[in-house]
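First the structure, in the form of C-alpha coordinates, and then the observations on it.
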Amino acid sequence: MKEEYDIAKLNPRRNPYTGKLKRQVTININEEAIEYFKHLSDQSGLPYQTLINLYLMDCANNKRQLQMTWT
9 MKEEYDIAKL NPRRNPYTGK LKRQVTININ EEAIEYFKHL SDQSGLPYQT
59 LINLYLMDCA NNKRQLQMTW T
(Lines of atoms letter the chains of each structure in order from A and count residues from 1; the text may use other names and numbers.)
(Lines give C-alpha, C1' and ligand atoms only; values in the text may rest on other atoms or scores of the structure.)
Protein backbone atom coordinates (compact mmCIF):
# COMPACT_ATOMS: atom_id res chain seq x y z
CA MET A 1 0.00 0.00 0.00
CA LYS A 2 1.30 3.45 -0.87
CA GLU A 3 2.03 5.99 1.81
CA GLU A 4 0.36 8.71 -0.27
CA TYR A 5 -2.16 8.69 -3.07
CA ASP A 6 -2.53 11.40 -5.68
CA ILE A 7 -6.24 12.09 -5.59
CA ALA A 8 -6.06 14.08 -8.83
CA LYS A 9 -5.11 10.89 -10.67
CA LEU A 10 -8.11 8.94 -9.39
CA ASN A 11 -11.11 8.54 -11.63
CA PRO A 12 -13.79 10.31 -9.59
CA ARG A 13 -17.32 9.42 -10.59
CA ARG A 14 -20.53 10.94 -9.43
CA ASN A 15 -22.59 8.80 -7.11
CA PRO A 16 -25.45 7.42 -9.27
CA TYR A 17 -27.70 7.12 -6.22
CA THR A 18 -27.58 10.74 -5.05
CA GLY A 19 -30.78 11.58 -6.93
CA LYS A 20 -32.59 8.71 -5.23
CA LEU A 21 -31.87 9.57 -1.62
CA LYS A 22 -34.65 9.13 0.88
CA ARG A 23 -35.78 11.73 3.38
CA GLN A 24 -36.95 10.77 6.83
CA VAL A 25 -40.42 12.01 7.73
CA THR A 26 -42.86 11.46 10.55
CA ILE A 27 -46.28 10.21 9.52
CA ASN A 28 -49.25 8.88 11.46
CA ILE A 29 -50.44 5.55 10.07
CA ASN A 30 -53.31 3.44 11.40
CA GLU A 31 -52.27 0.34 13.31
CA GLU A 32 -54.26 -1.86 10.89
CA ALA A 33 -52.25 -0.54 7.93
CA ILE A 34 -48.95 -1.15 9.72
CA GLU A 35 -50.00 -4.69 10.65
CA TYR A 36 -51.02 -5.31 7.02
CA PHE A 37 -47.57 -4.31 5.74
CA LYS A 38 -45.85 -6.25 8.53
CA HIS A 39 -47.79 -9.34 7.43
CA LEU A 40 -46.68 -8.74 3.83
CA SER A 41 -43.15 -8.28 5.16
CA ASP A 42 -43.22 -11.72 6.76
CA GLN A 43 -44.33 -13.24 3.44
CA SER A 44 -41.90 -11.38 1.19
CA GLY A 45 -38.86 -11.06 3.45
CA LEU A 46 -38.66 -7.32 2.78
CA PRO A 47 -38.82 -4.79 5.64
CA TYR A 48 -42.31 -3.39 6.08
CA GLN A 49 -41.09 0.20 5.72
CA THR A 50 -39.58 -0.73 2.35
CA LEU A 51 -42.92 -2.23 1.28
CA ILE A 52 -44.77 0.95 2.29
CA ASN A 53 -42.26 3.02 0.32
CA LEU A 54 -42.60 0.73 -2.73
CA TYR A 55 -46.39 1.00 -2.56
CA LEU A 56 -46.31 4.80 -2.32
CA MET A 57 -43.78 5.02 -5.16
CA ASP A 58 -46.03 2.82 -7.32
CA CYS A 59 -48.95 5.16 -6.61
CA ALA A 60 -46.85 8.22 -7.43
CA ASN A 61 -45.28 6.75 -10.58
CA ASN A 62 -48.66 5.65 -11.94
CA LYS A 63 -50.38 8.86 -10.81
CA ARG A 64 -53.07 6.91 -8.99
CA GLN A 65 -55.98 8.98 -7.73
CA LEU A 66 -57.83 8.17 -4.52
CA GLN A 67 -61.45 7.32 -5.26
CA MET A 68 -63.73 7.58 -2.25
CA THR A 69 -67.43 8.03 -1.80
CA TRP A 70 -68.83 9.26 1.49
CA THR A 71 -72.17 7.89 2.54
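Residue numbers (my numbering): 9 to 79. Heads up, the beta-carbon is just placed ideally off N, CA and C, and yes, glycines get one too.
Listed in chain order, the non-local C-beta contacts of Y56 below 6 Å within the same chain comprise F45, K46, S49, local neighbours out to five positions each way being set aside. Annotation: R21 to L29 spans about 17 Å, alpha carbon to alpha carbon. Cα atoms of L54 and M76: separation of roughly 30 Å, rounded to the nearest angstrom. Of all alpha-carbon atoms in N61, A68, D66, the one lying nearest the alpha-carbon of V33 is that of N61.
Annotation for K46: the continuous alpha helix (DSSP H) segment containing it runs 39-52.
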